[in-house]
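Asks: Residues 678 to 1076 in my numbering are what the sequence shown lists, from first letter to last. Take a look at this one; I'll ask things after.
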Amino acid sequence: MAHYRRVGEVPPKRHTQFRDGAGRLYYEELMGEEGFSSDSSLLYHRGVPSAIVASEVWELPDQSRTPNHPLKPRHLRLHDLETGTDPVTDRRLVLGNNDVRIGYVVTGTEASPYYRNAIGDECVFVESGTGVVETVFGVVGYRAGDYVVIPRATTHRWVPAEPSRLYPIEANSHIAPPKRYLSRYGQLLEHAPYCERDLYGPEQPFTVSPESGGGEGVEVLVKHRTSAGVVGTRMTYATHPFDVVGWDGCLYPYTLNLEDYMPITGKIHQPPPVHQVFEGWNFVICNFLPRKVDYHPLAIPVPYYHSNVDSDEVMFYVAGDYEARKGSGIGLGSISLHPGGYAHGPQPSAIEASLGAEYFEETAVMVDTFAPLDLGEGALAVEDDAYAWTWSRSTPAGG
678 MAHYRRVGEV PPKRHTQFRD GAGRLYYEEL MGEEGFSSDS SLLYHRGVPS
728 AIVASEVWEL PDQSRTPNHP LKPRHLRLHD LETGTDPVTD RRLVLGNNDV
778 RIGYVVTGTE ASPYYRNAIG DECVFVESGT GVVETVFGVV GYRAGDYVVI
828 PRATTHRWVP AEPSRLYPIE ANSHIAPPKR YLSRYGQLLE HAPYCERDLY
878 GPEQPFTVSP ESGGGEGVEV LVKHRTSAGV VGTRMTYATH PFDVVGWDGC
928 LYPYTLNLED YMPITGKIHQ PPPVHQVFEG WNFVICNFLP RKVDYHPLAI
978 PVPYYHSNVD SDEVMFYVAG DYEARKGSGI GLGSISLHPG GYAHGPQPSA
1028 IEASLGAEYF EETAVMVDTF APLDLGEGAL AVEDDAYAWT WSRSTPAGG
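Below you can see the structure in the form of structure tokens.
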């Protein structure tokens, strides 16, 4: 996110000597995207950020994927999905492809291990709960309705204050506001549905003594890629990674809450891109929020039937009453997957029922991908097999 911040102590000039009160040199780390060609931040460590004393295999949770074949729309009941309580290691894979993976976890109140995703940025939607995310940049708090955006390779851990329902969207790329919302220099423009005031990042360093590993080092779980796919490594650092006394730049974790997103509406039905929040490589994230709806006298407020010929559409139903899906079995905590190659739209009864509506009380988070999504093991565990036939109200052959 190209929005400069300065937190803690930094020297007047970058790449110059910077020492503590005892004359010891701080260790400067450049954390930057796309080599040296995109957003970056400079962090100043007490200890050497490269000093590892062990590297071992971390066995990831089940990452297997099953193609959506034969092709059909899917309904997944996430609130029926049993998970462990660790915010990182107990995530269950719901949907994924080679660009993005969508998971789900219901946490307890114990802190996660220290963790770093070296594959891509993470955008974790907080369905419910509160807590903080401790990071090498400092601490960011989270609450229900937050998107927590964590840049690739940021060492962090989740510390829930109460059980939290988390919906992690893990990219193989970076996640940023849509380009059409930004000036050529990176400022959010007047027509954007949110602005820099709505983004909350660390406000002060979260500095832990470098010796806090107790002489045994500090373990960090690293998710990364090999030619074999997504794998995990358990790295042990000689000193604590949270030893940064200051940093500045345009790369850091931040939160954006649904309450601060201003929906765009129109005289007739507006297409999903007006609800977009973020984009990554080959996918976008949108949200559908409580809002006034179309005001043309003959408007049909629910969506028209549509074939997104290049996309799979994933909708996560968070709150309210989603008008287009009434009568389908979908409720709070549901996911619908409407794949490319299939025309989808409202349940037939929802069209007439929506006429004359002036306001929709609904909250949903949508991910559209430009490559087909496979089903994770979590999806297979909580699928509603009847959903695909709800438009015709028939029973499938052999079903």
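For glycine and all other residues, C-beta sits at the position ideal for the given N, C-alpha and C. All figures in this text were calculated on a predicted structure; none of them were measured in a lab.
Tell me whether the beta-carbon of Val836 lies closer than 7 angstroms to the beta-carbon of Gly806.
Replies: The sequence position of residue 836 within the sequence shown is 159, counting from 1. The sequence position of residue 806 within the sequence shown is 129, counting from 1. Taking 7 angstroms as the Cβ cut-off, Val836 and Gly806 do not qualify as a contacting pair.
Asks: How about Val922 and Pro882: are their beta carbons less than 7 angstroms apart?
Replies: Here the question's residue 922 lines up with position 245 in the sequence shown. Here the question's residue 882 lines up with position 205 in the sequence shown. Yes; because the gap between Cβ atoms is below 7 angstroms, this pair is in contact.
Asks: Is the separation between the beta-carbon of Val684 and that of Gly863 shorter than 7 angstroms?
Replies: The sequence position of residue 684 within the sequence shown is 7, counting from 1. The sequence position of residue 863 within the sequence shown is 186, counting from 1. No. Outside cutoff.
Asks: Assign Gly1075 to one of three DSSP states: helix, strand, or coil.
Replies: Here residue 1075 corresponds to residue number 398 of the sequence shown, with the count starting at 1. Per-residue confidence for Gly1075 stands at a pLDDT of 42, beneath the threshold of 50, marking its modelled position as unreliable; the derived number appears in the next sentence. Looking at Gly1075 - three-state DSSP - the assignment turns out to be coil, as it is neither helix nor strand.
Asks: Should Phe993 and Val961 be called a contact, given that it needs their Cβ atoms to be closer than 7 angstroms?
Replies: What you label residue 993 is simply residue 316 of the sequence shown in a count that begins at 1. What you label residue 961 is simply residue 284 of the sequence shown in a count that begins at 1. Contact flag unset, no.
Asks: Can you confirm whether the segment 971–981 touches the segment 1043–1051 when touching is taken to mean that 3 or more C-beta pairs between the two stretches lie within less than 8 angstroms?
Replies: no
Asks: Can you tell me which of Arg829, Cys872, Pro845 puts its alpha carbon nearest to the alpha carbon of His851?
Replies: Counted from its first residue, the sequence shown places residue 851 at position 174. Checked all of Arg829, Cys872, Pro845; the closest Cα to His851 is Arg829.
Asks: Output yes or no for whether 7 angstroms exceeds the beta carbon distance between Glu799 and Pro764.
Replies: Within the sequence shown, residue 799 is the residue found at index 122, counting from 1. Within the sequence shown, residue 764 is the residue found at index 87, counting from 1. In this structure, Pro764 does not lie closer than 7 angstroms to Glu799 by Cβ.
Asks: From Glu1035 to Lys969, what does the alpha carbon distance come to, in whole angstroms?
Replies: Here the question's residue 1035 lines up with position 358 in the sequence shown. Here the question's residue 969 lines up with position 292 in the sequence shown. Looking at the two C-alpha atoms, the distance is approximately 6 angstroms.
Asks: Measuring only the C-alpha atoms, how far is Asn794 from Asn849?
Replies: For this step, residue 794 is matched to residue 117 along the sequence shown. For this step, residue 849 is matched to residue 172 along the sequence shown. Taking the straight line from one Cα to the other gives about 10 angstroms.
Asks: If you check the beta carbons only, do Leu748 and Pro1016 fall under 7 angstroms apart?
Replies: Start at 1 with the first residue of the sequence shown, and residue 748 comes out as number 71. Start at 1 with the first residue of the sequence shown, and residue 1016 comes out as number 339. The answer is yes: Cβ separation under 7 angstroms.
Asks: Do the segment 868–877 and the segment 927–934 touch if we need at least three Cβ pairs shorter than 8 angstroms?
Replies: yes
Asks: Put Arg1002 into one of helix, strand or coil per three-state DSSP.
Replies: Numbered from 1 along the sequence shown, position 325 holds the residue referred to as residue 1002. Three-state result, Arg1002: helix.
Asks: Is it true that the CB of Trp1066 sits closer than 7 angstroms to the CB of Leu898?
Replies: Within the sequence shown, numbered from 1, the residue matching residue 898 stands at position 221. Within the sequence shown, numbered from 1, the residue matching residue 1066 stands at position 389. Remark: C-beta atoms of Leu898 and Trp1066 do not approach each other more closely than 7 angstroms.
Asks: Give the range of the alpha helix (DSSP H) segment to which Gly1055 is assigned.
Replies: Looking up residue 1055 in the sequence shown gives position 378. That run of the alpha helix (DSSP H) goes 1054–1058.
Asks: Return the CA-CA distance between Tyr1019 and Ser984, expressed in angstroms with no decimal places.
Replies: What you label residue 1019 is simply residue 342 of the sequence shown in a count that begins at 1. What you label residue 984 is simply residue 307 of the sequence shown in a count that begins at 1. Answer to the nearest angstrom: the Cα atoms are 6 angstroms apart.
Asks: Is Ser741 closer than 7 angstroms to Gly926 when the C-beta atoms are compared?
Replies: On the sequence shown, position 249 is the one that residue 926 refers to. On the sequence shown, position 64 is the one that residue 741 refers to. No.
Asks: Comparing alpha-carbon positions, which option in Thr693, Tyr824, Ala731 lies nearest Phe802?
Replies: Looking up residue 802 in the sequence shown gives position 125. Checking every option, the nearest Cα to that of Phe802 belongs to Tyr824.
Asks: How should Gln953 be labelled, buried or exposed, when 16 other C-beta atoms within 10 angstroms of its C-beta is the threshold for buried?
Replies: Walking along the sequence shown from the start, residue 953 turns up at place 276. Buried, by the Cβ-count rule.
Asks: Judging by CA-CA distance, which residue of Glu1060, Arg1070, Thr831 is the nearest neighbour of Asn745?
Replies: Locating residue 745 in the sequence shown gives position 68, counting from the first residue. When only C-alpha atoms are compared, the closest one is Glu1060.
Asks: Quick check on Leu719: buried or exposed, where buried means 16 or more other Cβ atoms within 10 Å of its Cβ?
Replies: For the purposes of this step, residue 719 is taken as residue 42 along the sequence shown, with counting starting at 1. Classification of Leu719: buried, given that the 10 Å Cβ count is 16 or more.
Asks: Taking Cβ to Cβ, would you say Leu758 is nearer than 7 angstroms to Tyr781?
Replies: As a working mapping, residue 758 is identified with position 81 in the sequence shown. As a working mapping, residue 781 is identified with position 104 in the sequence shown. Cβ distance < 7 angstroms, so Leu758 and Tyr781 count as in contact.
Asks: How many angstroms separate the CA atom of Ser1069 from the CA atom of Ile729?
Replies: For the purposes of this step, residue 1069 is taken as the residue at position 392 of the sequence shown. For the purposes of this step, residue 729 is taken as the residue at position 52 of the sequence shown. Answer to the nearest angstrom: the Cα atoms are 59 angstroms apart.
Asks: With a cut-off of 7 angstroms, does the C-beta of Ala976 fall near any C-beta of chain D?
Replies: Among the chains of the structure shown, chain D does not appear; only one protein chain is present.
Asks: Between which residues of its own chain and His901 is the CB-CB distance below 7 angstroms, once the five residues before and five after are set aside?
Replies: Taking the first residue of the sequence shown as 1, we reach residue 901 at position 224. Result list for His901: Ala795, Ile796, Val908, Thr910, in chain order.
Asks: Do the CB positions of Thr913 and Ala788 come within less than 7 angstroms of each other?
Replies: On the sequence shown, position 236 is the one that residue 913 refers to. On the sequence shown, position 111 is the one that residue 788 refers to. Contact: no.
Asks: Counting along the chain, where does the alpha helix (DSSP H) carrying Glu706 start and finish?
Replies: Your numbering for residue 706 matches position 29 in the sequence shown. Where Glu706 is concerned, there is no enclosing alpha helix (DSSP H), although the beta strand (DSSP E) around it starts and stops at 704–709.
Asks: Give the DSSP-derived three-state secondary structure of Asp937 in the structure shown.
Replies: Your numbering for residue 937 matches position 260 in the sequence shown. Helix.
Asks: The beta strand (DSSP E) with Ala996 in it runs from where to where?
Replies: The sequence position of residue 996 within the sequence shown is 319, counting from 1. Its beta strand (DSSP E) spans residues 989–997.
Asks: At what residues does the beta strand (DSSP E) containing Thr896 begin and finish?
Replies: Your numbering for residue 896 matches position 219 in the sequence shown. Before going further, note that residue 896 is Glu rather than Thr in the sequence given. Segment 895–903, the beta strand (DSSP E) holding Glu896.
Asks: Which residue comes first and which comes last in the alpha helix (DSSP H) that contains Pro790?
Replies: By one-based count along the sequence shown, residue 790 stands at place 113. Counting along the chain, Pro790 falls outside any alpha helix (DSSP H), and DSSP gives it neither H nor E.
Asks: Determine whether the beta carbon atoms of Val995 and Glu804 lie at a separation below 7 angstroms.
Replies: By 1-based counting over the sequence shown, the position of residue 995 is 318. By 1-based counting over the sequence shown, the position of residue 804 is 127. Yes, they are a contact pair.
Asks: Kindly indicate which three-state DSSP category Trp924 falls into: helix, strand or coil?
Replies: Looking up residue 924 in the sequence shown gives position 247. Residue state, collapsed to three classes: strand.
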